[in-house]
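Below is one structure, written out as structure tokens; comments come after it.
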């Protein structure tokens with residue numbers, strides 16, 4: 398793989414009155430400015446989004462993006478893979494570098510303002526209409542079942558889930574772009590959160606965020622702020638939990654990680670830090686195991702020892718993750734990359750970690766139906 | 005949910021598909037999963053289509069490692085043996101009496117659900133019209149081979165003897181006591197004694213209809229809403245005579261039709277019409293008193309109560325004559341004059357302004373050239 402990330406731009410994730418188009422515009426212009434480019438320098442773009450159709454009555458998003466670049470008529474298309482839309486779009490953008498250079502990849506989601514019961518239903522569209530949605534398997538319910546099996550198989554506890562929440566909320570306090578940057582969340586808040594779907598409580602779940610994120614890809618680096626894409630892999634799996642042999646690990650993520658690490662010619666030990674898809678606290682634990690950062694069932698040991706905190710051996714979700722950083726679904730996979738690049742450039746301010754030469758992003762669609770893994774190194 | 009397994013390579017598919025995508029092998033349908041709960045979650049957040057919380061979703065696994073999800077309204081524990089409920093199938097023969105809007109809609113619904121249908125009507129030409137109408141509708145959702153299948157499953161007859169094949173007969177003739185009594189008695193005479201007879205009446209007394217039958221214990225109400233293909237609700241009604249077994253059958257049939265049954269007492273207007281007629285009458289009174297214009301009354305109710313239609317446009321859709329007759333009936337049977345149709349409704353009835361079907365009601369309707 399020979400590709401560089403020459404510009405990144407990310408809006409704050411969280412509730413806002415900005416529209417889908419305004420969010421797209423903010424992310425695109427800030428990524429272009431970061432790269433020192435103008436829109437007319439671009440040769441193609443990919444736009445990632447999950448729910449603008451049902452939520453905002455807006456599809457045909459590539460033409461919406463085209464409207465932000467009047468007269469350019471660039472090749473452009475949309476990627477949708479539920480919560481992995483961003484990661485999949487990035488993979489497509491990298492493939493597109495064979496033909497176009499530079500390529501813009503932008504993800505966006507507008508979730509606030511939709512009544513809760515409708516939004517829960519719409520997000521549930523990431524599951525199978527018949528197998529999952531029809532029996533009330535909302536998104537939290539899916540991960541609740543996954544958590545229960547993981548707890549039973551490996552002895553993972555409710556306290557472990559709370560540890561993930563507390564760590565990521567603490568991290569978010571150092572990330573001005575994070576959904577819960579301003580919010581001080583205590584152990585007591587977490588333990589007393591209302592039940593969403595047993596065993597998951599409110600603070601086990603990522604929030605409903607608006608936001609957009611963009612990166613600009615090129616075959617060649619521009620300067621030492623450019624980051625290198627060392628590996629990029631997407632894998633899929635059947636959409637419903639009932640179609641899987643195991644539900645305590647996501648095969649798509651295991652295989653994508655294997656492929657991305659092979660491309661980068663690294664092992665899990667070489668990873669300095671990772672932004673993983675903690676849409677629910679249990680998902681961070683499983684992500685670490687799927688990436689090979691811990692053996693199955695053993696991620697909690699690193700967690701309990703504080704090794705996944707910013708000062709630990711393998712910092713996980715220094716940005717706050719989806720859990721506290723926010724989950725602007727279609728933007729998430731690209732937002733993770735922005736956060737990793739920020740660390741690689743040593744531009745993370747108070748959230749900067751000491752060893753940040755190789756970072757990994759782990760982006761999951763649904764309950765493991767899609768996995769997009771990227772390995773990113775310093776330029 | 006039915007699972008299919010490839011007879012050649014063993015791949016599993018939880019979908020009703022025709023061959024194995026991997027090897028082209030033939031698929032065999034596996035029996036439903038009977039297993040043990042391996043995980044169960046209590047869901048506390050409502051979502052559209054699952055508004056009632058809490059509910060439980062359990063993951064059930066059998067000895068072969070096949071898993072299935074099932075929704076329950078009571079707690080289930082890990083380790084519980086569970087056989088997920090199968091959606092009821094409709095492989096029975098259903099009779100439909102009458103070819104009005106409801107009769108046609110019911111036949112369309114039943115054929116879409118895969119039932120065999122015996123359709124009875126008094127006049128052959130009207131029955132033929134109805135049949136043509138139903139198949140015109142079905143061509144919008146079925147392919148040619150499915151249409152041929154549906155044609156094979158539909159028997160149209162002006163002779164009630166064909167009803168002897170039916171497991172269930174639904175009466176949907178004109179909303180008139182004498183007509184209904186006559187048709188119900190005649191149908192009963194041809195039906196098997198094990199079959200269920202149901203009326204789709206929206207306003208007549210179920211007890212009164214039942215009292216003249218030979219087997220009132222096999223009779224009850226299945227009140228559909230127009231159009232039955234789209235409307236989810238069925239009010240299931242047991243009379244004073246209906247047997248518990250038949251009451252359960254009515255509910256089971258409603259589920260098999262893909263509907264949500266709500267069991268109601270045999271009281272006038274049941275749940276929906278009794279509440280609706282008050283609303284319609286009050287809206288007409290507001291119009292009479294000049295509280296707001298017809299458009300504004302409808303707009304306010306739509307937005308303020310989140311109704312899909314305003315009461316006046318709904319009255320136009322139902323038909324002012326039908327509305328007046330239901331109101332009069334409710335006023336008498338409930339002994340409540342507030343149900344008596346407002347003067348404006350009676351004036352519209354006299355003028356023949358019956359709503360959409362006459363082109364004039366609370367609104368004027370221009371016939372649409374391409375409307376069905």
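Protein chains in written order, with this note's numbering: chain A, 398 to 776; chain B, 5 to 376.
Every residue, glycine too, gets a C-beta built ideally from N, C-alpha and C.
Backbone secondary structure at residue i - three-state DSSP
i	result
residue 375(B)	Confidence at residue 375(B) is low in this model, with a pLDDT of 44, below 50, so the placement of that residue should be treated as unreliable; the coordinate-derived value is given next. The answer is coil: DSSP assigns residue 375(B) none of H, G, I, E or B.
residue 652(A)	helix
residue 677(A)	strand
residue 175(B)	strand
residue 82(B)	coil
residue 351(B)	helix
residue 321(B)	helix
residue 580(A)	coil
residue 402(A)	strand
residue 433(A)	coil
residue 159(B)	strand
residue 59(B)	strand
residue 275(B)	coil
residue 3(B)	Outside the shown range of chain B (5 to 376) lies residue 3(B), about which nothing can therefore be said.
residue 771(A)	strand
residue 265(B)	strand
residue 735(A)	helix
residue 227(B)	strand
residue 303(B)	helix
residue 8(B)	strand
Under 8 Å between C-beta atoms of residue i and residue j
i	j	result
residue 449(A)	residue 507(A)	yes
residue 60(B)	residue 43(B)	no
residue 576(A)	residue 570(A)	no
residue 313(B)	residue 232(B)	no
residue 433(A)	residue 612(A)	no
residue 476(A)	residue 489(A)	yes
residue 678(A)	residue 547(A)	no
residue 737(A)	residue 758(A)	yes
residue 160(B)	residue 126(B)	no
residue 86(B)	residue 39(B)	yes
residue 722(A)	residue 410(A)	yes
residue 402(A)	residue 697(A)	no
residue 400(A)	residue 494(A)	yes
residue 604(A)	residue 598(A)	no
Chain-ordered chain B contacts of residue i [CB-CB under 8 Å]
i	result
residue 535(A)	47, 49, 51 and 54
residue 645(A)	Simply none; closest approach about 10 Å.
residue 521(A)	51
residue 592(A)	46 and 48
Alpha-carbon to alpha-carbon, residue j and residue i
i	j	result
residue 753(A)	residue 82(B)	44 Å
residue 358(A)	residue 429(A)	As shown, chain A starts at 398 and ends at 776. That puts residue 358(A) outside it, with no answer to give.
residue 56(B)	residue 542(A)	20 Å
residue 530(A)	residue 62(B)	13 Å
residue 110(B)	residue 258(B)	12 Å
residue 9(B)	residue 767(A)	24 Å
residue 558(A)	residue 601(A)	7 Å
residue 169(B)	residue 482(A)	54 Å
residue 376(B)	residue 525(A)	Per-residue confidence for residue 376(B) stands at a pLDDT of 43, beneath the threshold of 50, marking its modelled position as unreliable; the derived number appears in the next sentence. Rounded to the nearest angstrom, the two C-alpha atoms are 35 Å apart.
residue 527(A)	residue 150(B)	22 Å
residue 535(A)	residue 7(B)	22 Å
residue 662(A)	residue 118(B)	57 Å
residue 346(B)	residue 283(B)	12 Å
Partner residues on chain A for residue i, Cβ-Cβ distance less than 9 Å
i	result
residue 36(B)	The contacting residues do not exist; residue 36(B) stays about 13 Å from chain A at best.
residue 80(B)	Within chain A, no residue comes near residue 80(B); the closest Cβ sits about 12 Å away, beyond 9 Å.
Under 8 Å from the C-beta of residue i: neighbouring residues of chain A
i	result
residue 359(B)	The contacting residues do not exist; residue 359(B) stays about 31 Å from chain A at best.
residue 69(B)	642
residue 74(B)	532
Contacts that residue i makes with chain B (C-beta to C-beta distance below 7 Å)
i	result
residue 556(A)	Within 7 Å Cβ-Cβ: nothing; residue 556(A) doesn't reach chain B, min ~19 Å.
residue 546(A)	42 and 43
residue 518(A)	51, 52 and 53
residue 678(A)	The contacting residues do not exist; residue 678(A) stays about 15 Å from chain B at best.
Chain-ordered chain B contacts of residue i [CB-CB under 9 Å]
i	result
residue 694(A)	Within 9 Å Cβ-Cβ: nothing; residue 694(A) doesn't reach chain B, min ~16 Å.
residue 542(A)	42, 43, 44, 45, 61, 62, 63 and 73
What are the uninterrupted segments assigned as beta strand (DSSP E) that are 3 or more residues long and contained completely in the region 13-54 of chain B, given in chain order? 31-33 and 39-47
Restricting to runs no shorter than 4 residues, where is the alpha helix (DSSP H) found entirely within the region 519-574 of chain A? 536-551 and 555-569
Could you give the uninterrupted runs of the beta strand (DSSP E) lying entirely in the region 598-625 of chain A, keeping only those of 3 residues or more? 608-615
Start-end ranges of the alpha helix (DSSP H) lying completely within the region 685-733 of chain A, minimum 4 residues: 696-701 and 718-722
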